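Report on the following structure.
Protein chains: 2
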Amino acid sequence: MNRHNYIETPLNQPFIENRADPFICFHNGRYYFTASVPEYDRIIIRTAETLSQLRETEEMVVWKKHDQGIMSHHIWAPELHLIKGKWYLYFAAGDADDVWAIRPYVLECLGNDPVTDPWVERGKVIGADPFSFQDFSLDMTVFEHKDDLYCVWAEKVSVGKKISNLYIARMKSPWELDSQQVLLSSPDYSWERVDFWVNEGAAVLFHGDKIYMTYSASATGACYCMGLLSADVSSDLLDPQSWKKEREPVMETMEEAGLYGPGHNSFTQTEDGREIMVYHARQYDEIVGDPLYDPNRHAYLAEVRWDGELPVFVPLVVE
Amino acid sequence: MNRHNYIETPLNQPFIENRADPFICFHNGRYYFTASVPEYDRIIIRTAETLSQLRETEEMVVWKKHDQGIMSHHIWAPELHLIKGKWYLYFAAGDADDVWAIRPYVLECLGNDPVTDPWVERGKVIGADPFSFQDFSLDMTVFEHKDDLYCVWAEKVSVGKKISNLYIARMKSPWELDSQQVLLSSPDYSWERVDFWVNEGAAVLFHGDKIYMTYSASATGACYCMGLLSADVSSDLLDPQSWKKEREPVMETMEEAGLYGPGHNSFTQTEDGREIMVYHARQYDEIVGDPLYDPNRHAYLAEVRWDGELPVFVPLVVE
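The listed protein sequences derive, respectively, from chains A and B. Letter by letter, the first sequence follows residues 1 to 319 in the working numbering. Letter by letter, the second sequence follows residues 320 to 638 in the working numbering.
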């Protein structure tokens, strides 16, 4: 297998099957992959020396859901982050007795190897105001910038049918906020309001003098798509006016490629440093039943190209 | 009484005492004044040929709260608008059995004289999505622009302690929305988050090529203050990106003038066409009990001056 042998067709051949909300990080020459599994019952990690090898390497279970109480249902969208030398897993989870009581939780690895070393639970992320993590909240991602740690998450507001917004805050530790929440984005446009009014699944990419933040919008069917925020790296990231929102989605269903409902992405890079976007999509748009329980969201890769200051995501296939 | 005899001291001499959320409109050479009364039990209108005369003219009760059910408690912040030749009153009200179930309601005048002609209830404002007017919602104002009627209101979101945001929508009639809600502003900054996270009391002023929207922020004590949004008149007012929010408040407590917690304003004009801002404030900052039930929010006037494209509100006293 040639590690640079990327081809661009057939585009809807999955990178990794049946793995949604895919997340890949690259550290010290190793790739780590995690994602939601269709059973929503555990956190898995795959590791390999090349992106391609992630496809066939063994998948390890590093944490399983509890039998009851918090973290016992709907184990969603894990992300693996190395923060000041320690590994953390961020994920969302419900309670078997209240399966939609979704909140963000944190695990910390006691050793240097996130696949084989033990993990301890640091519990639910702790807010710094009366509003954060009070309702359905998930998809926490974190990033460091100028010595500060920030997190971004999605949380629903309103009563009855609800609206999922994106919030940012500064953190004082990997599981505790230091600042009050700041509203970054609400579903403003028609493409963010299909079936459900949703902004979720934020992912951060530093490029040039800017910080880019993709997010996913609308319900989890073929209408699912990706929007984009960006800010100057020199700006105050906790000031919503530092962020510019694109008026149109930056990725959406590509029928000609057979890719439906692309979204919930993360960013990584090839071994030679090219920017890669990792996302999930389906190969069909007709879903029987609740899209959330359709197992066929597969992980895909796209190359990040640039059109001036805007990223363009070009689906690619790793042979 | 000289109708142009405005002096600028003492600044905290009220224009009209014990009237909060003051609203003045000027139509066909007459002024009409309405406001919240401390008892929150009725809607009053004063009318006069000059601004000054509003101070001493008789106040008429045009509508009283119901004994029970909707519109039976907390009658707040009436606004009088002439829309395509008919008079409407917008106000917020709760239910005696659920006093915080505040929603926006509309009255329509059956004649041409809003003071003496009968009013009929058009009921609660009807939304066009599953989110509008589902929770504590109030302070609806309306304006016409390019043949469309728009409304702006405040509504709380979240669970437990809540956040009051500002929304805009296009209307298909004076009591029914035509578009889905669009989030215009959330309390982003520290001055919008004192005691309560609040944006409310929007008021619209067209000036030059811009539409300006003031609003009030924080809890209703001395921390109450005014923020500002603005948009180009040629922009899509339903696109939140058309609106620019000022980073700092445009009016706040002026201790040296003895004016505390200024806010909940409206706009009118002098008889000779100068722009006037009408607001309420207290003469002290130490309030015993809930500020909401302190009756001493008085109506004041300020002149609107301009510093480039930004309005500056200069308190004035009408002799």
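Beta carbons: idealized from backbone N, C-alpha and C, even for Gly. These numbers come from a predicted model, not from an experiment.
- Y612 of chain B sits exposed, since fewer than 16 C-beta atoms from the chains shown fall within 10 Å of its C-beta.
- Put simply, the region 508-519 of chain B touches the region 530-537 of chain B. At least three CB pairs are less than 8 Å apart.
- One thing to note: Y212 of chain A has its Cβ within 8 Å of the Cβ of P311 of chain A.
- Beta-bridge partners assigned by DSSP to Q269 of chain A: A:E275.
- In the three-state reduction of the DSSP assignment, P291 of chain A falls in the helix class, which pools H, G and I.
- V478 of chain B belongs to the set of residues whose beta carbon lies under 8 Å from a beta carbon in chain A.
- Here the alpha carbons of L426 of chain B and W494 of chain B stand approximately 9 Å from one another.
- Taking C-beta atoms under 8 Å as the contact rule, P581 of chain B and M545 of chain B qualify, at a distance of about 7 Å.
- Chain order gives no chain A residues near R489 of chain B, where near means a beta carbon separation below 7 Å; the closest approach is about 14 Å.
- A Cβ-Cβ distance of about 7 Å is found for the pair P22 of chain A and I16 of chain A, placing them in contact under the 8 Å criterion.
- When the alpha-carbon of P104 of chain A is set against those of A:K84, A:L301, A:L110, A:V142, the nearest one is in A:V142.
- Interface criterion not met: the Cβ of L524 of chain B is under 8 Å from no Cβ in chain A.
- Under the 8 Å Cβ criterion, the region 107-125 of chain A does not count as touching the region 232-244 of chain A, having fewer than three qualifying pairs.
- Only D129, P130, F131, Q134, D135 from the region 121-148 of chain A bring a Cβ to less than 9 Å from some Cβ of chain B.
- Under the three-state reduction of DSSP, L54 of chain A is assigned to helix.
- If the five residues before and after H583 of chain B are omitted, its C-beta is found closer than 6 Å to the C-beta atoms of D340, G520, S535, H599, all from its own chain and listed in chain order.
- The beta carbons of V278 of chain A and A299 of chain A sit closer together than 8 Å.
- A straight-line Cα-Cα distance of about 44 Å links F33 of chain A and L548 of chain B.
- Residue pairing for F143 of chain A: DSSP places it in a beta bridge opposite A:Y150.
- Between the alpha carbons of V157 of chain A and D67 of chain A lies a gap of roughly 28 Å.
- At a cut-off of 8 Å, the C-beta of I482 of chain B has a neighbouring C-beta in chain A.
- If you draw a 10 Å sphere on the C-beta of K245 of chain A, you find 16 or more other C-beta atoms in it, and that means buried.
- Taking 8 Å as the threshold, the shortest C-beta distance from V182 of chain A to chain B falls below it.
- Under the DSSP definition of a beta bridge, K244 of chain A partners with A:S230.
- Interface with chain A (8 Å Cβ-Cβ cutoff): P559 of chain B is included.
- Judged by beta-carbon spacing, Q180 of chain A lies beyond the 8 Å limit of R566 of chain B, meaning their Cβ atoms are not closer than that value.
- Around the beta carbon of N484 of chain B, 16 or more other beta carbons lie within 10 angstroms, which makes this residue buried.
- Here DSSP, grouped into helix, strand and coil, assigns A576 of chain B to helix.
- Measuring C-alpha to C-alpha distances from N347 of chain B to each of B:G540, B:P433, B:V623, B:E574 identifies B:P433 as the nearest.
- When only Cα atoms are considered, A367 of chain B and C344 of chain B end up about 11 Å apart.
- Selection B:I421, B:D626, B:D448 evaluated against D195 of chain A yields B:D448 as nearest (Cα-Cα).
- Along the region 564-583 of chain B, the positions whose C-beta sits under 9 Å from a C-beta of chain A are K564, R566, read in chain order.
- The Cβ of R601 of chain B sits no closer than 8 Å to any Cβ of chain A.
- Contact of R512 of chain B with chain A by beta-carbon distance below 8 Å involves Q180.
- Rounded to whole angstroms, L524 of chain B and W472 of chain B show a C-alpha spacing of 16 Å.
- S190 of chain A carries a helical assignment under DSSP once its states are collapsed to helix, strand and coil.
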